[in-house]
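Report on one structure; see the data block that follows.
There are 2 protein chains.
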Amino acid sequence: MENEYICKEKCPHFNKISEVKLTSPNDDSVIDLADMFKIFADSTRLKIICAIMKEELCVCDLCELLGLNQTTVSHQLKTLRDSKLVKYRRDGKQIFYSLEDDHVTQILSAGLSHISEEAENEQL
Amino acid sequence: MENEYICKEKCPHFNKISEVKLTSPNDDSVIDLADMFKIFADSTRLKIICAIMKEELCVCDLCELLGLNQTTVSHQLKTLRDSKLVKYRRDGKQIFYSLEDDHVTQILSAGLSHISEEAENEQL
DNA sequence: TAAACATATGAACAAATATGCATATAAAAG
DNA sequence: CTTTTATATGCATATTTGTTCATATGTTTA
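So the protein sequences, as listed, match chains D and C.
Everything in the first sequence is counted per my numbering, starting at 1 for the first residue and increasing by one.
Everything in the second sequence is counted per my numbering, starting at 1 for the first residue and increasing by one.
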């Protein structure tokens, strides 16, 4: 049942499928990619990323800026740390966060340009 | 309690915060952006996107290619349709899906280049 | 027009996850 | 060395979401 094709007639299109299989990324890459996009798929984390894009901020700055609970911010910062998207340095009692590299910015701006074009299309 | 600052001393850094507020996208944009990244944050949807990147495929092709339930594929295609990332055309009983525009590809490749650099760094 | 086929949709369930409370850790100040 | 301050973490919970089953819709063919 699992191995039977769903369609009976001219579908599936075997030649198309075999070609796609050749050019598609492997399963592990796709899962890694999805995990990476998951990080960007939350507005709290996105706000944090946008905030520390230009200059480093401490946890407390982020709480104040985003109007969020300190716990919430710290949890999301841990997620960002674990995914290697941010770096941090301690200065006394405070810990300052900043972006790890500019891939983050690139992904973000690719997303933003899609969003903004969508907004344009809706105006028409 | 909500409106009190968490830190008492030299934090928060008001000048930094006010500058960040000026350059950060507004809340609605951030939510839209997060919603958009959510679409990419699932390996099934990513596989579908990669598969129809070069040429259109029907639902059944996708099921066969990805080894997934027809219902699962259709549900994810609906998500992709709703988010305007894919377009489709009917040909008899079959429905062929393809990418709506090349923003999708751009976002994907931005993500992939981050992933691949991460892999390089781990080899060192 | 009835049956077969390709795809879509609704409901239910399980798994993932974002948030907040309580508390732990770590640094500085008194 | 005790207290205060800044941040992190474990746990509980509510919400979201991906998958599947059952079934509906739309198209073709007999």
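Just so it is clear, CB atoms sit at the ideal spot from N, CA and C, and this is done for glycine as well.
Note to self: Tell me the DSSP secondary structure of residue 87 of chain D in three-state form.
What the structure shows: Reduced to three states, the DSSP call for residue 87 of chain D is strand.
Which residue spans inside the region 44-90 of chain C form an unbroken alpha helix (DSSP H) run of at least 4? 59-66, 70-82
*Taking any Cβ of chain D, which residues in the region 68-97 of chain C have a Cβ under 8 Å from it, in chain order?*
Answer set for the region 68-97 of chain C: 70, 84, 94.
Query raised in the report: Which residues in chain D sit within 8 Å of residue 115 of chain C, going by Cβ to Cβ distance?
Result: 29, 32, 33, 36
Q. Are there 16 or more other CB atoms within 10 angstroms of the CB of residue 47 of chain C, so buried, or fewer, so exposed?
A. buried
For residue 107 of chain C, would you say it is in contact with chain D, using Cβ-to-Cβ distances shorter than 7 Å as the test? yes
#### Entry: Members of the region 40-63 of chain D that neighbour chain C once the beta carbon cut-off is set at 7 Å
40, 41, 42, 43, 46, 47, 50, 51, 54, 55, 57, 58, 60, 61, 63
Cα separation between residue 53 of chain D and residue 102 of chain C? 26 Å
Check your understanding: Is it a yes or a no for the region 32-46 of chain C touching the region 32-40 of chain D, going by three-plus beta-carbon pairs under 8 Å?
Key -> yes
Query raised in the report: Is there a Cβ from chain C that is less than 7 Å from the Cβ of residue 65 of chain D?
Result: yes
message = Is it buried or exposed, residue 45 of chain D, if we count other Cβ atoms within 10 angstroms and call 16 or more buried?
response = buried
Could you tell me whether the region 76-90 of chain D touches the region 15-22 of chain D, using the rule of 3 or more Cβ pairs below 8 Å? Pairwise C-beta distances place the region 76-90 of chain D out of contact with the region 15-22 of chain D, as fewer than three of them are shorter than 8 Å.
Proximal residues to residue 85 of chain D (C-beta, below 8 Å), its chain only, five neighbours per side dropped: Result list for residue 85 of chain D: 39, 49, 99, 100, 104, in chain order.
* If you follow the beta strand (DSSP E) that residue 98 of chain D is part of, which residue opens it and which one closes it? -> 94-99
### Query
Taking the alpha-carbon positions, what's the residue 59 of chain C to residue 69 of chain C distance?
10 Å
_Nearest candidate by alpha-carbon position, reference residue 27 of chain C, set D:73, D:88, D:42, D:113_ = Here the closest residue by C-alpha is D:42.
**OP:** Assign residue 1 of chain D to one of two classes, buried (16 or more other C-beta atoms within 10 Å of its C-beta) or exposed (fewer than that).
**Re:** Only weak support is given to the placement of residue 1 of chain D: the predicted model assigns it a pLDDT of 32, under 50, and the value that follows is read from those uncertain coordinates. By the 10 Å Cβ count, residue 1 of chain D comes out exposed.
### Message
I'd like to know whether the C-beta atoms of residue 111 of chain D and residue 66 of chain C end up nearer to each other than 7 Å.
### Response
Not in contact: residue 111 of chain D and residue 66 of chain C (Cβ atoms no closer than 7 Å).
### Message
Using only the alpha-carbon positions, how far apart do residue 11 of chain D and residue 61 of chain C sit?
### Response
If I take the Cα positions, the gap works out to 7 Å.
| message | Rounding to the nearest angstrom, what Cα-Cα distance links residue 56 of chain D and residue 89 of chain D in this structure? | response | 9 Å
Please state whether DSSP places residue 13 of chain C in a helix, a strand or coil.
-> Coil at residue 13 of chain C, not helix or strand.
With 7 Å as the threshold, decide whether the Cβ of residue 18 of chain C is near any Cβ in chain D.
-> So no, residue 18 of chain C is outside the interface.
Hey, does residue 99 of chain D have any beta-carbon neighbour from chain C nearer than 7 Å? no
Three-state secondary structure assigned by DSSP to residue 24 of chain D | coil
Specify the secondary structure class of residue 119 of chain C as computed by DSSP and reduced to three states. helix
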